[in-house]
Amino acid sequence: MELHRALDVEAQWCILPPWVRAALLFRALHDPFLPASTRMHVVLAHYAHHLVHRHLSTHTDGGASRRGLPSSHPKYFSCLLEAPTPDDAPPPRRIVLLHGWLMSHKDWKQTAWKLHRVHGYSVLMVDFIGHGHSPYPPRYDALLPALYVHQVRDAIVRSKWASDSHPSSRKLTFAGISLGCAVSLRYAQLYPAHVYVSPLLASIIAHAPCSEKIIMLVGAGMPTDRWYAISPLCGRVHRAVLASLDALVAAAPSLLYWLNTLYYAKALVGHLHLVQFTPTHQVESGPALDKVLRRFASTAIWSHVDVLHPLQLELFDPPPRRVITVPFCEHGLFCKLIDFLALHADRELWDDPR
Numbered sequence: 001m002e003l004h005r006a007l008d009v010e011a012q013w014c015i016l017p018p019w020v021r022a023a024l025l026f027r028a029l030h031d032p033f034l035p036a037s038t039r040m041h042v043v044l045a046h047y048a049h050h051l052v053h054r055h056l057s058t059h060t061d062g063g064a065s066r067r068g069l070p071s072s073h074p075k076y077f078s079c080l081l082e083a084p085t086p087d088d089a090p091p092p093r094r095i096v097l098l099h100g101w102l103m104s105h106k107d108w109k110q111t112a113w114k115l116h117r118v119h120g121y122s123v124l125m126v127d128f129i130g131h132g133h134s135p136y137p138p139r140y141d142a143l144l145p146a147l148y149v150h151q152v153r154d155a156i157v158r159s160k161w162a163s164d165s166h167p168s169s170r171k172l173t174f175a176g177i178s179l180g181c182a183v184s185l186r187y188a189q190l191y192p193a194h195v196y197v198s199p200l201l202a203s204i205i206a207h208a209p210c211s212e213k214i215i216m217l218v219g220a221g222m223p224t225d226r227w228y229a230i231s232p233l234c235g236r237v238h239r240a241v242l243a244s245l246d247a248l249v250a251a252a253p254s255l256l257y258w259l260n261t262l263y264y265a266k267a268l269v270g271h272l273h274l275v276q277f278t279p280t281h282q283v284e285s286g287p288a289l290d291k292v293l294r295r296f297a298s299t300a301i302w303s304h305v306d307v308l309h310p311l312q313l314e315l316f317d318p319p320p321r322r323v324i325t326v327p328f329c330e331h332g333l334f335c336k337l338i339d340f341l342a343l344h345a346d347r348e349l350w351d352d353p354r
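The numbering of the sequence shown is full-length UniProt numbering, which starts it at 1 and goes up by one.
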């Protein structure tokens with residue numbers, strides 16, 4: 001099974017609770033009366049799950065857990081700033097900061113540190129695979145936005161944020177730059193129960209002007225129809241280049257070995273493979289996107305000029321509670337100025353509306 005197909009299957013399988021997945025697999029393996037088609041679908045989903053996570057984790061021997069060692073190690077870099085919490089107190093706000101294409105967690109470093117030290121929030125940062133301290137996968141075609149969604153989920157699970165017993169502790173606030181925003185939107189589509197919704201608005205969500213909490217910064221993940229936007233053209237060009245490369249690989253199969261072996265060749269082709277999905281970056285469009293924007297998009301922070309992912313307020317119904325435009329700035333410069341915007345000082349971005 002190819003990775004991109006496994007990611008599509010895993011997107012449906014991963015939303016089931018672990019005990020449901022275990023029960024379905026047990027029945028598929030031991031129930032002789034189960035229809036063959038159902039058994040095949042369950043086994044295929046289980047295989048897809050393991051295929052995806054082989055790109056995220058390195059599993060150790062079975063005795064590691066008995067020796068008090070972790071049974072798997074992530075194949076990527078993440079940084080967790082965990083705020084201490086008394087046993088009888090609810091956990092602090094938990095924030096996931098996601099960077100953009102060709103960026104790393106260091107672009108969020110000062111903002112994350114001040115959110116943690118000044119305001120007492122818990123903050124998780126992740127270097128997407130092929131970015132920052134996270135190495136490239138063995139094959140260049142494994143660089144996919146959908147894989148990043150499962151990488152973020154894996155980092156959240158490893159941080160024990162997905163299994164905390166306190167009901168509000170599993171609610172997360174996402175702030176994503178460009179590609180990171182697309183990953184946040186797709187995460188909210190797969191795990192809507194784990195993205196923070198303001199308690200004040202939860203009971204009146206249908207009539208709320210906005211709800212919490214995805215903070216979108218020059219966000220990707222949405223269709224673009226502005227005449228000056230170049231991202232749809234870039235996506236078509238990237239796909240055409242990759243199609244030509246596939247034709248070359250079909251004619252000379254040994255080329256694939258060198259593309260996956262030579263570091264700079266794999267980096268170049270891998271990033272072309274990643275951004276071929278711009279501007280949506282594998283976020284499900286249509287009603288699924290409308291629902292996520294309506295429920296979770298609390299703030300839109302955009303550069304004054306953005307020809308890659310322009311701000312399209314008509315996609316938001318109702319519009320975000322706050323819309324902030326950074327003047328005299330374009331997309332690339334905005335991404336480099338994140339730490340200089342002092343977003344940590346604006347408590348309304350991170351706290352509930354008063």
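We put the beta carbon where it would ideally sit given N, CA and C, even for glycine.
For residue j and residue i, the rounded distance between their alpha carbons
i           : j      : result
Ile15       : Phe334 : 34 Å
residue 359 : Val292 : The shown model of the chain, from 1 to 354, leaves out residue 359, and the question about it has no answer.
Leu311      : Val218 : 7 Å
His309      : Leu81  : 30 Å
Ser122      : Arg93  : 6 Å
Phe277      : Pro32  : 42 Å
Glu2        : Ala142 : 9 Å
Val305      : Ser178 : 14 Å
Arg139      : His281 : 19 Å
Ala36       : Val9   : 18 Å
Leu29       : Trp19  : 15 Å
Ser163      : Pro253 : 45 Å
Trp350      : Leu313 : 21 Å
Ile95       : Gln189 : 18 Å
Leu97       : Ala251 : 43 Å
Lys336      : Arg239 : 27 Å
Ser244      : Arg236 : 12 Å
Gln110      : Leu343 : 10 Å
Arg321      : Asp339 : 22 Å
Glu284      : Asp290 : 10 Å
Ile129      : Tyr148 : 7 Å
Arg226      : Leu185 : 21 Å
Arg27       : Pro17  : 16 Å
One or two residues paired with residue i in a DSSP bridge
i      : result
Cys79  : Met125
Trp302 : Thr325
Val283 : For Val283, which the question treats as bridged, DSSP gives no partner whatsoever.
Cβ distance (whole Å) where residue i is taken to contact residue j below 8 Å
i           : j      : result
Gly100      : Gly221 : Not confirmed; about 12 Å, so no contact.
residue 355 : Leu124 : As shown, the chain starts at 1 and ends at 354. That puts residue 355 outside it, with no answer to give.
Lys171      : Val195 : 7 Å
Leu242      : Leu248 : Incorrect: roughly 11 Å between the Cβ atoms, too far for contact.
His46       : Leu25  : 5 Å
Pro137      : His55  : 6 Å
His331      : Val307 : 7 Å
Leu7        : Ala146 : 4 Å
Ala297      : Phe328 : The pair is not a contact, with the Cβ atoms about 25 Å apart (cut-off 8 Å).
His116      : Ala83  : 7 Å
Host alpha helix (DSSP H) of residue i (start-end)
i      : result
Ala220 : Segment: none, Ala220 is in no alpha helix (DSSP H) and carries neither H nor E.
Cys234 : Ser231 to Ala251
Val42  : Ala36 to Arg54
Leu343 : From DSSP, Leu343 is part of no alpha helix (DSSP H); its letter is neither H nor E.
Val96  : No alpha helix (DSSP H) holds Val96; the beta strand (DSSP E) holding it covers Arg94 to Leu98.
Ile156 : Pro145 to Arg158
Gly130 : Unbroken run through Gly130: none, as it is neither H nor E.
Trp258 : Ser254 to Thr261
Asp290 : Pro287 to Phe296
Leu115 : Lys109 to Arg117
heavy atom of the ligand PLP below 6 Å from residue i C-beta
i    : result
Ala6 : The ligand PLP is not part of the structure shown, which contains no ligands of any sort.
Residue i: first and last residue of the uninterrupted beta strand (DSSP E) it sits in
i     : result
Pro74 : Ser72 to Pro74
DSSP state of residue i mapped onto helix, strand, coil
i      : result
Gly270 : helix
Arg321 : coil
Ile15  : coil
Thr173 : strand
Phe328 : strand
Ala162 : coil
Ser57  : strand
Val183 : helix
Val195 : strand
Asp351 : coil
Val307 : coil
Phe334 : helix
Asp339 : helix
Arg27  : helix
Glu2   : coil
Lys213 : coil
Arg21  : helix
Tyr136 : coil
Thr264 : Looking at the sequence itself, residue 264 is Tyr, so the reference to Thr does not match. Helix.
Gln312 : coil
Gln276 : coil
Leu7   : helix
Leu102 : coil
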